[in-house]
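Using the UniProt record's numbering, you'd call the opening residue of the sequence shown number 1 and step up by one each time. First comes the structure, then the notes that go with it.
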Amino acid sequence: METITGARSEPARDGTGPDASAAALERELTEAVLAGAGCSDVLHALRRATGRQVRLLSVAGAPLASTDGGAGVPAAVAAGVLADATGPVVDTLDGLRATALPVRAGATVAGVLLTVGPGDPRVRSLTGAAVTPLLIDAVRARDGSAQVSSQHTPADVVAALRSGTVSPSVCAAAAGLGIDLQSPPAGAVLHYSGSRLRAWRTALSWLEHPVQQEGRTAWTVVPDEFALARLRNRLRLMTGGDDPADHVVAASGSHPGSSPGLARSFDEAERLLGLARTRMVPLLTFDRCGVVQVLLPLPRAQLEAFAEAHLGPICQRPELMATLRAWLAERGSRQSVSRQLHLHRNSVGYRVRQIKNLLGTDPLLPTASAELHLALAALDLLAADDLRLRGDDEPVPAGR
1 METITGARSE PARDGTGPDA SAAALERELT EAVLAGAGCS DVLHALRRAT GRQVRLLSVA
61 GAPLASTDGG AGVPAAVAAG VLADATGPVV DTLDGLRATA LPVRAGATVA GVLLTVGPGD
121 PRVRSLTGAA VTPLLIDAVR ARDGSAQVSS QHTPADVVAA LRSGTVSPSV CAAAAGLGID
181 LQSPPAGAVL HYSGSRLRAW RTALSWLEHP VQQEGRTAWT VVPDEFALAR LRNRLRLMTG
241 GDDPADHVVA ASGSHPGSSP GLARSFDEAE RLLGLARTRM VPLLTFDRCG VVQVLLPLPR
301 AQLEAFAEAH LGPICQRPEL MATLRAWLAE RGSRQSVSRQ LHLHRNSVGY RVRQIKNLLG
361 TDPLLPTASA ELHLALAALD LLAADDLRLR GDDEPVPAGR
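See below:
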């Protein structure tokens, strides 16, 4: 294979040393790749030009090639770089700072390019000179078809679907895994909160489903609720789920109309997973989440404002919040609420009168009931988002 020899000697004179312009470096690298040089040659030439170690990562953040044998980045970070939502400075899994650039053009995606070290505009400019040569090499490696990496693992495919960076080769790899992106499945996520983490990882590795795993959480795609339920039950059994809490919670998003819409479906699934954990239910799907469907697209600020507008006077009164939930759920049956909350019937009546006075309405009136149901669901979703951000393993009771 042709190597990039010009960058290896007398860098100041041949225009590829630390002071070389990005344009000159891009011309040399491109010409070398067209002449037969490969990805590794490009990375080593870039290392000499920048004085930094260089790594090319897959869309899942795993190293594909490097000059130092170092680690990659979390899949979420790689996805953020490819979506222009993260970077340019990121932290690698081996504890180093690096400048990250997406290696993509249109539907062609070759991965994420890292130069190890603190942020530097000159280094970033020179690193950008390697993007086009790496894309040419990626296309050539598959006989002219775009590729995400030199080898698509199932985790790579799921990561690409989560991030919305779906290239032609990802489509081909997905088809090889039985995923029809012409009629896309729903994004799904599962969480394990038990103590047998080794069994959890082993169980995931034995699944026929393509899975991307990070710690206690795993992402995949499912055609319907029944497939998700079967998947959850299998994981529960393989991790020894005899505990009533079951330890494995699952959720899925909506079915998108196109493969790029899978990114939204995965986001919905993650929010619904948090909701399932706060409500302590083992499985929750988009189709069965009720009024939460209309709340999922709303940003946090709007959810907070809506909940405050309708529940503000009692939000800091947990006993009244619990009573309101039970009163609405039992359609005003004092006996049922009394039994559910272990209260005397008179105490239930006293609390309901307080709720009516503070809210200025009867919760059972049709309009008020609909608004309060939505406001309570908004609070649940906010609690679920808090749980997701914290990454806690224990569920948080709803109804703050």
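All residues carry an ideal CB built from backbone N, CA and C; glycine is no exception.
- Looking at the DSSP output, L56 sits in a beta bridge with A65, L113.
- In terms of Cβ geometry, R334 and G349 form a close pair [threshold 8 Å].
- By the criterion of a C-beta distance shorter than 7 Å, T67 is surrounded in its chain by L43, H44, R47, Q53, V54, once the five residues flanking it on both sides are discounted.
- At the C-beta level, V292 and L303 stay beyond 8 Å of one another.
- Bounds of the beta strand (DSSP E) holding E214 are 212 to 214.
- Beta-bridge pairing by DSSP links V189 to W219, A251.
- With the rule of 3 Cβ pairs closer than 8 Å, the region 63 to 78 counts as touching the region 92 to 101.
- The shortest C-alpha to C-alpha distance from G80 to any of R353, R162, A309 is the one to R162.
- Between L101 and V189, the C-beta gap is not smaller than 8 Å, which leaves the two residues out of contact.
- In this structure, T278 sits near A384, with a CB-CB distance shorter than 8 Å.
- The three-state secondary structure of A98, taken from DSSP, is strand.
- For V90, the uninterrupted beta strand (DSSP E) run begins and ends at 89 to 91, by DSSP.
- T132 sits in a helix when the DSSP states are folded into three classes.
- A straight-line Cα-Cα distance of about 17 Å links R300 and H373.
- Bounds of the alpha helix (DSSP H) holding L82 are 75 to 82.
- S195 is the residue among P260, L298, S195, H255 whose C-alpha sits nearest the C-alpha of V248.
- Scanning its chain for C-beta atoms nearer than 8 Å, with the 5 sequence neighbours on each side dropped, one finds around R288 the residues E225, in chain order.
- Within the same chain, G332 come within 6 Å of L364 by CB-CB distance, once the 5 residues on both sides are set aside.
- Per the C-alpha coordinates, the member of G257, E330, A160, L298 positioned closest to A377 is L298.
- For H152, the number of other beta carbons within 10 angstroms of its own is at least 16, and it is reported as buried.
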